[in-house]
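One structure below.
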Amino acid sequence: MKLNSPLQVYKYLPKINCGKCGEKTCMAFASRLVDRSKKIEDCQILLQDKEKFLQLAELLAPEIREITAGVGDRKVRIGGDDVLHRHQLTFFNPTVLAYDVWDTMEEVALIERVKKISEFKKFYVGHYLKLDMIAVRSTGESAAKFKSCVEKVTEVSTLPVMLCSFDPTVLKAGLEVCADKKPVLYAATKDNWEQVSKLALEYHVPVVLFSEGDLDSLKTLAVSFNRLGINDIILDPGTYPEGAQLKSTFENFIKLRRAGIKESQKEIAYPIMAAPITAWMIDNDPTPTSYLEAALASIFMIKYADIMLLHSIEPHALLSEVYMRETMYTDPRTPLKVDSGVYKIGNPTKDSPVITTSNFALTYYTVESDLSSGRIDCYLASVNTDGIGVEAAVAGRQFTAAKIKETFDEAGFDFKEKTSHNTIILPGLAARLQGDLEDVMGIKVLIGPVDSNQIPGWMDKNWL
Amino acid sequence: MSKELTLAEVIELLNNVEVEALEGVTFEGDIEIEIDESVMNFREEANKLIESRFAVGTVNEWTTAIEEVTIGATPANGGSRGHAVTVGGEKALPYYFDSEMKNPTCVVAIDVFDMPIQLAKSVRTSYEDVMESPSDWAKKVVSEYHADMIALHLISTDPKRKDASASEASKTVEDVLQAVDVPIIISGSGTHKKDPEVLEKAAEVSEGERCLIASANPDNDYERVAAAANKYGHVLLSWTQLEINAQKELNRKLIKHCGVSRDRIVMDPTTAALGYGLDYAYSNVERIRLAGLTGDKELNFPTLSVSSNAWNAREAWMISSPLKEDSNWGEREHRGLIWEAATGFALALAGCELFMMMHPGSAQLLKKITRMLGGSINEEKTDLSNWITKLII
Ligand code: SF4
């Protein structure tokens with residue numbers, strides 16, 4: 001973004017404080033534009049002044065171009081970053097994770113793999129982590145084979161697809177059956193750029209530019225495509241899986257992103273793609289290669305890949321990948337907290353247990369989901385620990401007897417009235433608060449298990 | 465009254481009302497069309513690439529190198545270690561090209577406990593046979609798992625465990641120093657009241673070995689720990705809880721009030737496991753590192769990460785998901801290994817150079833990848849041309 005203070009942005013706004021954008025004042029709206037939590041289209045007044053609108057839109061555009069692929073619910077946004085370090089604002093648009101299928105797969109195996117990719121999910125802090133894209137890889141057999149594979153994939157899954165081949169006739173065959181689903185074209189190179197650029201223009205789809213570790217030729221392609229009117233570009237500088245080449249790959253990612261953000265080199269400020277899948281070029285022993293691939297995925301998730309092409313769909317690889325992505329793209333401006341209070345899980349009665357935990361969102365949702373899936377009716381108190389997990393909060397004194405009492409007092413939760421047992425359950429990691437809590441609250445205190453997944457078993461033994 | 469319009473005016477008019485195309489309109493007479501020169505160029509160049517060169521600068525703001533800290537003393541320096549380890553010295557973010565990396569940026573210490581402890585199954589299998597003997601444990605991690613260092617945790621001194629005395633614990637320190645000749649980290653039990661006494665004694669029996677004493681923190685008697693480290697020639701770990709200002713303050717106190725020299729401080733700003741606060745820990749370490757590089761002399765010290773806490777993540781140790789809605793979690797042996805390594809990768813890129821780890825496979829993976837990023841492993845070259853069709857799958 002060229003503007004970074006609300007005051008600078010305010011100058012371009014209508015300054016009439018009409019409130020139609022949902023903010024009380026234009027100044028408030030300006031700060032929302034700066035932290036990118038609102039879009040300028042939200043100011044309808046500004047929309048009427050096309051010139052000013054476009055001027056501001058240009059000034060507020062992210063440093064790295066943001067492009068979209070796919071349609072409908074699973075449409076993805078790629079790129080759009082404004083900073084080099086997440087604490088400086090936040091990273092936008094989580095790395096799009098694409099997993100490959102190939103056109104020589106037997107139909108049954110193909111469908112099974114597509115379904116696994118499309119249906120993968122992992123619960124995390126109140127939502128599910130999922131995968132985003134299917135890359136259909138041509139093995140070079142024939143355009144017809146590729147076409148029918150793409151057809152099958154788009155029939156079975158609503159995920160966006162990436163069409164992978166260096167042969168323009170193969171890409172064209174793929175486009176013929178899925179252009180309306182806005183696939184990503186992979187890839188244009190120095191050799192095939194003429195035909196591939198025509199395809200990108202004809203079908204209006206984003207295109208990846210690939211060069212083997214050579215940033216001059218990558219820039220040459222980007223500048224040339226831009227001149228042809230193609231701006232939905234993704235850069236793949238080549239992901240080398242090992243040795244000194246891996247080092248130079250890592251450096252290339254940093255160079256590209258630094259050029260785009262720190263030096264505002266517009267010609268090269270496009271999303272970047274990593275291809276940890278190349279790990280499978282040097283080995284095919286499944287376990288060690290999946291480790292290498294997942295390792296590369298971690299490295300490039302952290303340093304700047306906006307989209308990533310992967311092969312292994314073994315759970316250990318997938319879980320580490322979706323978690324690393326969450327790590328990097330969690331907005332550091334919003335602490336991972338839930339509101340403190342006393343929540344009902346299921347339908348608690350007077351005999352139901354009262355369980356305590358921290359208000360760190362991750363802890364709270366983990367405990368909550370363990371309780372719900374164990375079908376335990378109870379009260380769950382989320383104590384205000386400033387969003388710190390139980391163990392650290394006990395050490396740092398954010399989780400204390402007084403804090404626990406405060407939570408119940410503020411919620412108006414009276415143990416005598418709400419329970420028949422006058423008992424509270426502390427997390428196993430907070431066992432040392434037992435005596436204190438008995439004194440402060442004058443109730444019976446039980447020590448629960450260390451991990452909340454053991455609560456159901458613990459209940460069987462300790463709660464009748 | 466009618467008004468004549470030029471074509472340009474018509475276009476502007478249409479643009480203003482957001483009409484993009486007209487249908488059923490014909491123009492009569494001569495029309496002059498001005499063609500933008502850039503479009504002409506495009507015509508000419510459409511069949512050849514516009515050759516360009518890529519260039520990018522280095523970061524000028526990184527003016528200050530991270531302190532170089534040596535752990536372990538060889539006979540030449542009054543100790544008995546076979547080698548010493550030096551961390552720090554870099555003047556850029558890890559593995560960046562802005563300046564040369566002086567020392568290996570990733571040194572792994574494998575954990576050794578002074579009594580049997582509950583460990584995740586995938587880790588336990590590696591140490592089951594040596595858990596009763598800290599010396600054997602130490603030998604195993606060095607000879608079989610190639611640890612650069614070992615981290616000896618004197619957890620038996622915890623009043624809630626064995627409540628072993630400081631002198632009992634220091635006996636173990638002596639045994640371990642005898643058993644292996646790598647540099648060692650000596651860590652207390654994390655009990656703020658007792659640790660200073662335990663560490664003081666341990667520092668005394670290991671005098672001159674230049675161990676890393678863990679730790680001085682705002683909640684324990686850090687002055688006493690620092691005094692012991694100074695007196696017996698050790699390096700000190702400055703440990704705070706995920707708060708950059710607390711880290712700065714503790715470092716300042718250690719230097720100004722406790723007289724710890726700058727080349728004897730390593731920081732542990734607390735790191736978390738993948739999925740369990742790593743986002744916060746990552747940024748905290750990265751901010752500390754950037755502050756150090758840009759000249760904050762209270763933060764430019766090497767940094768340690770206890771990446772073995774990845775094993776607290778249920779995704780690392782549980783046999784399967786407790787939630788039936790989750791997709792299959794697969795084999796925990798593989799999951800755990802990658803969990804600890806991935807936690808390490810993130811922190812290695814944020815600015816940690818010293819790691820405490822537990823799974824030999826995770827340690828090996830972290831070292832291998834970071835050595836490559838550091839430029840010290842040169843594998844055969846991979847040819848990526850036509851990679852799409854060349855994968856061995
Ligand atoms: S809608 Fe526009 S003019 Fe109205 S308050 Fe919001 S920013 Fe101001």
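Order-wise, the sequence lines are chains A and B. The first sequence begins at 1 in my numbering and counts up by one. The second sequence begins at 465 in my numbering and counts up by one. A virtual CB, placed ideally from N, CA and C, is assigned to each residue, including glycine. What you are looking at is a predicted structure, and each value in this text was computed from that prediction instead of being measured.
Do you know offhand how far residue i's Cα is from residue j's?
i, j, result
"A/G341", "B/I649", "42 Å"
"A/P286", "A/Y323", "21 Å"
"B/T846", "A/F250", "15 Å"
"A/K461", "B/M821", "35 Å"
"A/M1", "A/V9", "11 Å"
"A/E58", "A/N226", "17 Å"
"B/R716", "B/S725", "11 Å"
"B/K658", "B/L718", "20 Å"
"B/A745", "A/H87", "11 Å"
"A/N17", "A/L46", "12 Å"
"A/D465", "A/L433", "With chain A covering only 1 through 464, there is no way to say anything about residue 465 of chain A."
"B/L738", "B/E817", "18 Å"
"A/K424", "B/P660", "For the sequence presented, residue 424 of chain A should be read as Ile rather than Lys. Cα to Cα, A/I424 sits roughly 35 Å from B/P660."
"A/C43", "A/A179", "33 Å"
"B/Y696", "B/M613", "20 Å"
"B/F819", "B/V551", "11 Å"
Could you check where the beta strand (DSSP E) with residue i kicks off and where it finishes?
i, result
"A/R77", "V76 to G79"
"B/H721", "First-last for B/H721: undefined, no H or E at that position."
"B/Y686", "No beta strand (DSSP E) holds B/Y686; the alpha helix (DSSP H) holding it covers Y686 to K695."
"B/I619", "Premise fails: B/I619 is in no beta strand (DSSP E) and is neither H nor E."
"B/M595", "Taken as a continuous stretch (DSSP letters only), B/M595 belongs to no beta strand (DSSP E), as it is neither H nor E."
"A/E66", "E66 to A69"
Would residue i count as contacting chain B if we go by Cβ distances under 8 Å?
i, result
"A/T25", "no"
"A/P206", "no"
"A/L246", "yes"
"A/P241", "yes"
"A/R227", "yes"
"A/E63", "no"
"A/M308", "no"
"A/I234", "no"
"A/F120", "yes"
"A/P160", "no"
"A/R86", "yes"
"A/E107", "no"
At the 8 Å Cβ level, is residue i part of the contact set with chain A, yes or no?
i, result
"B/I514", "yes"
"B/H610", "no"
"B/D790", "yes"
"B/R507", "Bear in mind that the predicted position of B/R507 carries a pLDDT of just 46, short of 50, making it too unreliable to give a figure here."
"B/T569", "no"
"B/Q705", "yes"
"B/E713", "no"
"B/S849", "yes"
"B/P786", "yes"
"B/M820", "no"
"B/K854", "yes"
"B/V689", "no"
"B/R588", "no"
"B/K845", "yes"
"B/Y746", "yes"
Can you name the start and end residues of the alpha helix (DSSP H) that residue i belongs to?
i, result
"B/E638", "A630 to A643"
"A/K198", "W193 to Y203"
"B/R796", "R796 to A814"
"B/T534", "Where B/T534 is concerned, there is no enclosing alpha helix (DSSP H), although the beta strand (DSSP E) it sits in stretches over V533 to I535."
"A/D460", "I455 to N462"
"A/K219", "L215 to R227"
"A/D439", "Q434 to M441"
On the premise that residue j lies in contact with residue i, defined as a C-beta separation below 8 Å, what is that separation, rounded to the nearest angstrom?
i, j, result
"A/D132", "A/A173", "Between A/A173 and A/D132 the Cβ distance is about 24 Å, and since that is not below 8 Å, they are no contact."
"B/W601", "B/V576", "5 Å"
"A/S320", "B/A777", "That belief does not hold up - the Cβ atoms of A/S320 and B/A777 are roughly 11 Å apart, past 8 Å."
"A/F253", "A/F300", "6 Å"
Which runs of the beta strand (DSSP E) at least 3 residues long sit entirely within the segment 316-384 of chain A? Give them in chain order. 341-345, 354-358 and 378-383
Could you pull out every unbroken alpha helix (DSSP H) segment of at least 4 residues lying fully inside the segment 229-266 of chain A, listed in chain order? Listed in chain order, they are 243-261.
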